[in-house]
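Please read the structure below before turning to the comments.
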Amino acid sequence: MVDNTKSVLCGACRVALKGPANPDPQDVFSCPSCGRADSFDNVMASVKAFIVELTERRLEETMRKAARGSKVIKVTGKPVQKGNHPFIADVEL
Ligand SMILES: [Zn+2]
Numbered sequence: 000m001v002d003n004t005k006s007v008l009c010g011a012c013r014v015a016l017k018g019p020a021n022p023d024p025q026d027v028f029s030c031p032s033c034g035r036a037d038s039f040d041n042v043m044a045s046v047k048a049f050i051v052e053l054t055e056r057r058l059e060e061t062m063r064k065a066a067r068g069s070k071v072i073k074v075t076g077k078p079v080q081k082g083n084h085p086f087i088a089d090v091e092l
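The opening residue of the sequence shown carries number 0 in numbering that gives the first Met the number 0; numbering runs sequentially from there.
Below is the structure:
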């Protein structure tokens, strides 16, 4: 899912990052718009955290919708917090 580097975006600008086609972990990717840059390793770590958060948020939304109007199911707990991810992925879950 995240091995297609075309889908990796700058978290601030939502612009596709520029980097090598077949990157090594230490290869630097950068945002052509704001210049934010990091190693491929760190970029991927950020993207993975973003996807995990996105998945959790979607799951929570689904549960809240399912529980709406139901006296049996009650969704408690805090909403998933929106993290601050320097790099994100262009994904639709
Ligand atoms: Zn940027």
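From the three backbone atoms N, C-alpha and C, an ideal C-beta is built for every residue, glycine too.
Asked                                                                                                                                                                                   : Found
Which residue marks the beginning of the alpha helix (DSSP H) containing Val-51, and which one marks its end?                                                                           : 39 to 66
Given a cut-off of 8 Å, decide if Ser-29 and Leu-8 are closer than it, judged by their beta-carbon atoms.                                                                               : no
Give every residue of the same chain whose Cβ lies closer than 7 Å to the Cβ of Pro-31, excluding the five residues on either side of it in the sequence, and list them in chain order. : Val-14 and Lys-17
Return yes when the Cβ of Gly-82 is within less than 8 Å of the Cβ of Ala-44, no when it is not.                                                                                        : no
Could you check whether the Cβ of Ser-69 sits closer than 7 Å to any heavy atom belonging to ligand 1?                                                                                  : no
Classify Val-71: buried if its beta carbon has 16 or more other beta carbons within 10 angstroms, exposed otherwise.                                                                    : exposed
Roughly how many angstroms separate the alpha carbons of Cys-33 and Cys-12, rounded to a whole number?                                                                                  : 7 Å
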